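Residue numbers (the numbering used here): 995 to 1108. Cβ atoms here follow ideal geometry from the backbone N, Cα and C, with glycine treated the same way. Bear in mind that the values here come from a model prediction, so they are computed numbers and not experimental data. Right, one structure below, let's go through it.
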Amino acid sequence: NWNPYWSTGLYGAYAQVMYSDAGKTLVCAGITPILTAGSTCNPDFSIGQIGMITRWTPVKNLTFSADVTYTHLDQKYSGSVNAPAVAAVAKPAAVYELKDQDSVSMLIRAQRNW
């Protein structure tokens, strides 16, 4: 806490999923037909996050906060997929590159307690 009105917290997380050979075979059976030449199927992945939240409590039972999080997805596929259109989610048919993903998100919150 900086003072009775302000506080900041840091947090992080890490998770990893590693399939057995039998699990990889089952998952890859469904995706191999749409992989482009030279692509590889490996469904293992890990995800890491680090973030910071700052809270301001100007009066008792009222808090405003801002939370910023950086996320990194480390996936093990390589190459690209020739994906068909999926009308239910408005995803067009295209060649999609398989690669790691990074994102930054910010949440702003106002909380009143009674």
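For residue i, which residues in the same chain have their Cβ closer than 6 Å to its Cβ, ignoring the five residues on either side in sequence?
i	result
Arg1049	Ser1001, Thr1057 and Ser1059
Asp1096	His1066
Leu1004	Met1046
Ala1007	Gln1043
Arg1103	Ser1059
Ser1099	Thr1063
Gln1022	Before going further, note that residue 1022 is Cys rather than Gln in the sequence given. Only Cys1035 meet the Cβ criterion.
Ser1040	Gln1010 and Asp1068
Asp1061	Ile1047 and Leu1101
Ala1016	none
Roughly how many whole angstroms lie between the Cα atoms of residue i and residue j?
i	j	result
Val1083	Tyr1090	16 Å
Asn995	Met1046	13 Å
Pro1078	Leu1020	20 Å
Ala1087	Val1080	7 Å
Asn1107	Asp1094	40 Å
Ala1031	Asn997	59 Å
Once the 5 residues before and after residue i are set aside, which same chain residues still bring their CB inside 8 Å of it?
i	result
Leu1092	Ser1033, Gln1069, Tyr1071, Ser1072, Gly1073, Ser1074 and Val1075
Asn1055	Arg1106, Asn1107 and Trp1108
Lys1085	Ala1077 and Ala1079
Which residues in the same chain have their Cβ closer than 7 Å to the Cβ of residue i, if we skip the five residues on either side of it in sequence?
i	result
Gln1105	Thr1057
Lys1018	Asn1036 and Pro1037
Met1012	Asp1038
Ser1014	none
Just checking my contact of residue i with residue j at CB under 8 Å: how many whole Å lie between their CB atoms?
i	j	result
Pro1052	Tyr999	6 Å
Ile1025	Cys1035	6 Å
Would you list, in sequence order, the uninterrupted alpha helix (DSSP H) runs of no fewer than 4 residues that lie entirely inside the stretch 1001–1088? Restricting attention to alpha helix (DSSP H) runs no shorter than 4 residues, the stretch 1001–1088 encloses them at 1015–1025, ordered along the chain.
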